[in-house]
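Engineer: Can you keep this structure in mind? I'll have questions shortly.
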Amino acid sequence: MIVRDKASLYGTDAEARGEGWETTRLLTGRDRMGFSLHETVISEGTELRLRYRHHREANYCLSGEGEVLDIASGTTWTLLPGTLYALERHDEHIVRALRGDLITICVFNPPIYGDELPETGGYGPSLIGRETL
37 MIVRDKASLY GTDAEARGEG WETTRLLTGR DRMGFSLHET VISEGTELRL RYRHHREANY
97 CLSGEGEVLD IASGTTWTLL PGTLYALERH DEHIVRALRG DLITICVFNP PIYGDELPET
157 GGYGPSLIGR ETL
């Protein structure tokens, strides 16, 4: 059984941040669950253009107000608490935090290990060997 408090992850490699965002990786590939689970905070006024070529991602909005734009279709959806959006086709998208910090719970498959490297249009696969479940 894995029991983990978010505060216990502060100051560890489970935290990642960039301009206008921060994420805490509550579960990673090292936990051998077959997915990773993150809490991500996007600061009000931030716009992020994202694409994960090697991961599928689902995001559940806990607080704040924002929007997600599907680059391919040009369709924009409002993000409010209780809204889920999933990127089942490695969709390139833009997320905007419009009112308040946008806080989401994110699930990645395959899981994020934390050593993925930025590459054009997304993140490359982990350098850590994948273990079977």
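Just so it is clear: in the sequence shown, position 20 is 56 by this note's numbering, and no numbers are missing. Think of the CB as a built atom: it goes at the ideal place given N, C-alpha and C, for glycine as much as any other residue.
Using only alpha-carbon positions, find the residue among 61, 85, 72 and 83 that is nearest to residue 41.
Structural biologist: Translated into positions along the sequence shown, residue 41 becomes position 5. Checked all of 61, 85, 72 and 83; the closest Cα to residue 41 is 61.
Engineer: Going by the beta-carbon positions, is the gap between residue 116 and residue 104 smaller than 7 Å?
Structural biologist: Within the sequence shown, the letter at position 80 stands for residue 116. Within the sequence shown, the letter at position 68 stands for residue 104. No, these two residues do not count as a Cβ contact at 7 Å.
Engineer: Would you decide whether residue 93 is buried or exposed? Buried here means 16 or more other CB atoms lie within 10 Å of its CB.
Structural biologist: Counting from one through the sequence shown, the residue named residue 93 turns up at place 57. So residue 93 counts as buried.
Engineer: Roughly how many angstroms lie between the CA atoms of residue 58 and residue 106, to the nearest whole one?
Structural biologist: The residue given as residue 58 occupies position 22 in the sequence shown. The residue given as residue 106 occupies position 70 in the sequence shown. Their Cα atoms are separated by approximately 22 Å.
Engineer: Taking only the alpha-carbon atoms, compute the straight-line gap between residue 54 and residue 84 and give it to the nearest angstrom.
Structural biologist: Position 18 of the sequence shown, counted from the first residue, corresponds to residue 54. Position 48 of the sequence shown, counted from the first residue, corresponds to residue 84. Rounded to the nearest angstrom, the two C-alpha atoms are 10 Å apart.
Engineer: Whole angstroms are fine: how far does the CA of residue 87 sit from the CA of residue 109?
Structural biologist: Position 73 of the sequence shown, counted from the first residue, corresponds to residue 109. Position 51 of the sequence shown, counted from the first residue, corresponds to residue 87. Computed Cα separation, rounded: 14 Å.
Engineer: Assuming contact is defined by CB atoms lying nearer than 7 Å, are residue 120 and residue 149 in contact in what I supplied?
Structural biologist: Mapped onto the sequence shown, residue 120 falls at position 84. Mapped onto the sequence shown, residue 149 falls at position 113. No, the pair does not count as a contact, with Cβ atoms beyond the cut-off.
Engineer: Buried or exposed, going by whether 16 or more other CB atoms sit within 10 Å of the CB of residue 253?
Structural biologist: Nothing in the structure corresponds to residue 253, since the chain is present only between 37 and 169.
Engineer: Under a three-way DSSP split, which group does residue 136 fall into?
Structural biologist: Reading the sequence shown from its first residue, position 100 is the one you call residue 136. In this structure, residue 136 counts as strand in the three-state DSSP scheme.
Engineer: Taking residue 106 as part of the beta strand (DSSP E), name the residues at either end of that continuous run.
Structural biologist: Position 70 of the sequence shown, counted from the start, is the residue given in the question as residue 106. Residue 106 -> beta strand (DSSP E) spans 92 to 106.
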